[in-house]
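The structure appears right after this line, and notes come after that.
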Amino acid sequence: MSTTINPEFFPDERSLEKLANEFFSALPGSFTNDFLQSLQKKDPLASKENPFDIANPQTSLPDPHFPEKTGIPKSVAGSGISPTAVDKAVPVDFQQSFHNSPDPHLSGDGLSPKSVAGSGISPSVSRQEKDKLANPVQLNTAVPLSSSYPFQSEKLPESKTAYNYLPYEQEQPFEKELKEALKGLNLSFPQQQLPVNVSGITNSSYYFISVNEALPFARPTENTSFHNKGITGLISPPFDVNLVRQDFPILKETVNGKPLIWLDNAATTQKPQSVIDRIAYFYQHENSNIHRAAHELAARATDAYEAARQKVQFFLNASSPDEIVFVRGATEAINLVAKSWGEQHLSSGDEIIVSHLEHHANIVPWQQLAERKGLKLKVIPVDEDGQVILSEYAKLLGPKTKLVSFTQVSNALGTVTPARQMVEMAHLAGAKVLVDGAQSVSHMKVDVQELNCDWFVFSGHKVFGPTGIGVVYGKQGLLNETQPWQGGGNMIVDVTFEHTTYHNAPARFEAGTGNIADAVGLGAAIDYVNKIGIDLIYQYEHYLLMYATRLLKEVPGLRLIGTAKDKASVLSFVLEGYKTEEVGKALNEEGIAVRSGHHCAQPILRRFGVEATVRPSLAFYNTCGEIDTLVATLHKLRSAKPISFR
Numbered sequence: 055m056s057t058t059i060n061p062e063f064f065p066d067e068r069s070l071e072k073l074a075n076e077f078f079s080a081l082p083g084s085f086t087n088d089f090l091q092s093l094q095k096k097d098p099l100a101s102k103e104n105p106f107d108i109a110n111p112q113t114s115l116p117d118p119h120f121p122e123k124t125g126i127p128k129s130v131a132g133s134g135i136s137p138t139a140v141d142k143a144v145p146v147d148f149q150q151s152f153h154n155s156p157d158p159h160l161s162g163d164g165l166s167p168k169s170v171a172g173s174g175i176s177p178s179v180s181r182q183e184k185d186k187l188a189n190p191v192q193l194n195t196a197v198p199l200s201s202s203y204p205f206q207s208e209k210l211p212e213s214k215t216a217y218n219y220l221p222y223e224q225e226q227p228f229e230k231e232l233k234e235a236l237k238g239l240n241l242s243f244p245q246q247q248l249p250v251n252v253s254g255i256t257n258s259s260y261y262f263i264s265v266n267e268a269l270p271f272a273r274p275t276e277n278t279s280f281h282n283k284g285i286t287g288l289i290s291p292p293f294d295v296n297l298v299r300q301d302f303p304i305l306k307e308t309v310n311g312k313p314l315i316w317l318d319n320a321a322t323t324q325k326p327q328s329v330i331d332r333i334a335y336f337y338q339h340e341n342s343n344i345h346r347a348a349h350e351l352a353a354r355a356t357d358a359y360e361a362a363r364q365k366v367q368f369f370l371n372a373s374s375p376d377e378i379v380f381v382r383g384a385t386e387a388i389n390l391v392a393k394s395w396g397e398q399h400l401s402s403g404d405e406i407i408v409s410h411l412e413h414h415a416n417i418v419p420w421q422q423l424a425e426r427k428g429l430k431l432k433v434i435p436v437d438e439d440g441q442v443i444l445s446e447y448a449k450l451l452g453p454k455t456k457l458v459s460f461t462q463v464s465n466a467l468g469t470v471t472p473a474r475q476m477v478e479m480a481h482l483a484g485a486k487v488l489v490d491g492a493q494s495v496s497h498m499k500v501d502v503q504e505l506n507c508d509w510f511v512f513s514g515h516k517v518f519g520p521t522g523i524g525v526v527y528g529k530q531g532l533l534n535e536t537q538p539w540q541g542g543g544n545m546i547v548d549v550t551f552e553h554t555t556y557h558n559a560p561a562r563f564e565a566g567t568g569n570i571a572d573a574v575g576l577g578a579a580i581d582y583v584n585k586i587g588i589d590l591i592y593q594y595e596h597y598l599l600m601y602a603t604r605l606l607k608e609v610p611g612l613r614l615i616g617t618a619k620d621k622a623s624v625l626s627f628v629l630e631g632y633k634t635e636e637v638g639k640a641l642n643e644e645g646i647a648v649r650s651g652h653h654c655a656q657p658i659l660r661r662f663g664v665e666a667t668v669r670p671s672l673a674f675y676n677t678c679g680e681i682d683t684l685v686a687t688l689h690k691l692r693s694a695k696p697i698s699f700r
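Written as structure tokens, this is what we have:
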């Protein structure tokens, strides 16, 4: 049996060396270990010919600082090429392109920046234009991705080359020569399959992602192994969780003398160094108000802020940056829709539908609106697994239904709702739809045009960005016909004592000075997620969720709350004989951070007969070793207070 090797896929250096040793030793001719060692000593970076030709398959967004004509590569994250540490100095040829700022406007050649500073033209002119900025902000601007990245331009030796990568993203120095050596060789590689006892991953397909049979997860190590419970046979990865963890400084913290195990990601995610550095850089080099002045720092700040808006646009696949409104978070986003569109368009007797899964933030604003305007609030029930019952949802829809608002992923149970189908059903009834994506954007691909929702909301701190920043996506026509909910500066075209004319979206909903620095930080977080690849993140987390679910089920007296077939990385449970706060305290003693309580989702927990749960929640920097520690601690608790059988 013979298969064709993918020339774009290479494991890490150690595995590559081992692989080459095994195959070259079996081949006739001069392919020996000495040959491989000689390749390792060569450095193609010093040659004039650029050896890199691997494009980043995880994102199609152009990088204006590294245009195609230069031959400088884009990110290899998720491409199958193992990442290694790289020199992060800025390339000499691109010194002027940075303009001392990671987010400049760029000129037509994609290299030199444009700036209105000193020209007498206010950056706010760009807000007056319809559907576009005067100088469109480029995407994927050179935002640093580790603390050692030099933000400011500096003269470097000409032999040095650097890239806007994660700290470990680069081809091995000898990979080009190795590819050349392998040309024409018909090598056979055994097809690596996941074992049949790993149910729920292979041959699965969801509307938001297709799950391949061969999953590029981290190679089993002491910290990431799945072998403890018979989950073996993983393939060699382009994604190594141990390397990813190095980008998150807080994961080096200790709690009660133990390494921090952060399993409270549904509450907030930790921040990579690139996000921390980007915010610091803004305050050090760009801090200014935006859209209102013609000086240099105003131009820098405006450029950075609007670049972040475009990054969100492409992250959600919105049709225009004008469909992206910055707010404080998902809670403010839902309140914005309720207090603007809801106040303007809903009247007595109209009906709003929410699901039983909702966070309080997607219940209370609609309750308040219903009380003020005489509306009726209806609730979609869920089954014993925590999945919405679509047949019951269909019965609730009718001519009086004006709005459906539901979560894409439950923060308390992890249930993934059939969002696209629910949106379509609501639209057939003539209703508008808001989708709460606070718990989905960090775990799965979101395409608002495919969902066809009218609004989509999320919080930056749930997707590895800063707190105090969030997003309302809204269809452009819908936003522009909606009256603003706050008045002030930055959102007006003209004001007299008799009348005010408002900007179109998004400015009409961004009155006053917004959270500029943290919007820029959110853009950096999106850059980081894009570098790794959201599909790869989903696959790894789904596997991790399966592993954790299997082990938790083996703890005597532990009851999982929420067992829907389609789940994201949330595990809620109660442990017989213990209050949830007792379990949370015991886990904290071992350095494990989980949430214990009602998770601002009391209705759904009461649906399952509990007032509170313990909620470990996962992110792509978590490991099987951390889950093992969690489960071992729960077994110790169980041993300290055995179940009494009566």
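Count along the sequence shown starting at 1, add 54, and that's the number in the numbering used here. For every residue, glycine included, the Cβ atom is placed at its ideal position computed from N, Cα and C.
Whole-angstrom C-beta distance between residue j and residue i, which should lie under 8 Å
i, j, result
"His481", "Ala622", "At roughly 25 Å, the Cβ-Cβ gap does not stay under 8 Å, so His481 and Ala622 are not in contact."
"Leu614", "Leu625", "7 Å"
"Leu688", "Val609", "5 Å"
"Ile333", "Val574", "7 Å"
"Ser464", "Gly616", "7 Å"
"Asn371", "Asp581", "So it is not a contact: roughly 16 Å between Cβ atoms."
"Phe293", "Tyr594", "6 Å"
Cβ-Cβ distance between residue i and residue j below 7 Å
i, j, result
"Val489", "Ala473", "yes"
"Gln503", "Glu377", "no"
"Ser394", "Thr536", "yes"
"Val648", "Val668", "yes"
"Asp572", "Pro520", "yes"
"Gly383", "Gly524", "yes"
"Thr471", "Val517", "no"
"Thr461", "Ala485", "no"
"Gln316", "Gln324", "In the sequence as displayed, the identity of residue 316 is Trp instead of Gln. The answer is yes: Cβ separation under 7 Å."
"Ala618", "Asp439", "yes"
"Leu701", "Gly396", "Given a span of 55 to 700 for the chain in the structure shown, any question on residue 701 remains unanswerable."
"Thr634", "Ala666", "yes"
"Val511", "Ile588", "no"
"Leu429", "Leu400", "yes"
"Gly631", "Lys695", "yes"
"Pro453", "Glu446", "no"
"Gly645", "Lys312", "yes"
"Pro538", "Tyr556", "yes"
"Ser373", "Ala355", "no"
"Val477", "Leu457", "no"
"Arg692", "His410", "no"
Between the CA atoms of residue j and residue i - distance to the nearest angstrom
i, j, result
"Glu552", "Ala578", "42 Å"
"Leu450", "Gln475", "15 Å"
"Leu444", "Thr308", "45 Å"
"Glu350", "Met479", "50 Å"
"Ile407", "Ser459", "6 Å"
"Pro375", "Ala362", "10 Å"
"Val353", "Pro560", "Reading off the sequence, residue 353 comes out as Ala, not Val. Those two C-alpha atoms are separated by around 19 Å."
"Gly679", "Asn569", "38 Å"
"Gly611", "Leu605", "13 Å"
"Glu636", "Asp318", "16 Å"
"Val298", "Tyr675", "6 Å"
"Val549", "Met600", "58 Å"
"His339", "Gly566", "22 Å"
"Thr683", "Asn310", "15 Å"
"Leu629", "Thr385", "31 Å"
Heavy atom of the ligand NAD within 6 Å of residue i beta-carbon
i, result
"Phe336", "As for the ligand NAD, it is missing from this structure, which has no ligand bound."
Interface flag, residue i vs chain C, CB-CB below 7 Å
i, result
"Phe512", "You won't find chain C in this structure, because it holds only one protein chain."
Opposing strand residues paired with residue i [DSSP bridges]
i, result
"Asp357", "The partner list for Asp357 (beta bridge, DSSP) is empty, contrary to what the question assumes."
"Pro313", "Thr308"
"Ser464", "In the DSSP output, where bridge partners are listed per residue, Ser464 has none listed."
"Val549", "Thr554"
"Ile378", "Tyr527"
"Val624", "Ser671"
"Ile615", "Ser626"
"Ala647", "Trp316"
"Thr455", "Glu405"
4-residue-minimum alpha helix (DSSP H) runs that sit fully inside the stretch 403 to 448, ordered along the chain: Correct list: 418 to 427.
Every unbroken beta strand (DSSP E) inside the stretch 655 to 686 [3 residues or more]: At a cut-off of 3 residues, the continuous stretches assigned as beta strand (DSSP E) that sit fully inside the stretch 655 to 686 are 667 to 669.
Inside the stretch 458 to 515 only - alpha helix (DSSP H) runs reaching at least 4 residues: Correct list: 473 to 482 and 502 to 505.
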